[in-house]
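> All residue numbers for the sequence shown refer to our numbering, where the first residue is 89 and numbers rise by one. Here it is, the structure in full.
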Amino acid sequence: MIPSVLFVCLGNICRSPLAEAALRVEAERSGLDLIVDSAGTGNWHAGEPPDRRAIAVARRHGVDISGLRARQVRPDDFRRFTHIVALDHDNLSDLRKLAPADAMAELSLLLDHVEGRAGQAVADPWFGDEAAFDVTWAEVTAAAKGLAARLRAGR
Ligand code: 4NP
């Protein structure tokens, strides 16, 4: 079975679209076949493209995420994805509440996939400046490498 990964943050316009982009880049670079998507626990931004600062940081790293559109996570996601990765602890606890009894997806925190950072949250850059988005990009890129290595090993 092809692994499938859903990244989940609050709005699906800053952190999780960047995580989606970073894993797509890493999968392509390393020849890993997978399905990647992202969603938000909230629905305020449903249908909107990523935040312009997220689009800008991805563009600085050679990825165009302007075509992505926000959506809210739904119970069926727990049956469709093998892995659901939360960006922070609030996202993780909201996901646990939403999970149906027959959920298949393994839940984790994004930084669980970075050595030495397990259990930590990716800070929301929404209220930050451009530098905050650079920090987010560095974190999601490190996690994408760790997650891709794990998936290549079939774990
Ligand atoms: P995200 O950032 O969860 O990384 O997409 C946010 C974007 C918008 C809001 C909150 C977080 N908001 O409250 O509108």
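Glycine residues also receive a C-beta, built at the ideal position from the N, C-alpha and C atoms.
Roughly how far, in whole angstroms, is the beta-carbon of VAL210 from the beta-carbon of LEU198, given that I think they are within contact range, below 8 Å?
Contact holds; Cβ gap of about 5 Å.
> May I ask you to check if the CB of TRP225 is nearer than 8 Å to at least one heavy atom of the ligand 4NP?
TRP225: no, Cβ never under 8 Å from the ligand 4NP.
> Rounded to whole angstroms, what is the Cα-Cα separation between PRO137 and PHE95?
Approximately 16 Å, taken between the alpha carbons.
> Going by DSSP, what residue range makes up the alpha helix (DSSP H) through LEU111?
Where LEU111 is concerned, the enclosing alpha helix (DSSP H) stretches over 103 to 118.
> So what's ILE123 in DSSP terms, helix, strand or just coil?
Here ILE123 sits in strand by DSSP.
> Does SER118 pass the burial test, meaning 16 or more other C-beta atoms within 10 Å, or should it be called exposed?
Under this definition SER118 is an exposed residue.
> Between which two residues does the beta strand (DSSP E) containing GLU84 stretch?
The question about residue 84 has no answer here: the residues shown for the chain are numbered 89 through 243.
> Cβ-heavy atom distance between ASN100 and the ligand 4NP below 8 Å?
Checking every heavy atom of the ligand 4NP against the Cβ of ASN100, one is found closer than 8 Å.
> Keeping to the same chain, check which residues put their C-beta closer than 6 Å to that of ALA220; ignore five residues upstream and five downstream.
The residues are PRO213.
> Between which two residues does the beta strand (DSSP E) carrying VAL93 extend?
Segment 92 to 97, the beta strand (DSSP E) holding VAL93.
> Taking 9 Å as the CB-CB cut-off, is LEU111 touching chain C?
Among the chains of the structure shown, chain C does not appear; only one protein chain is present.
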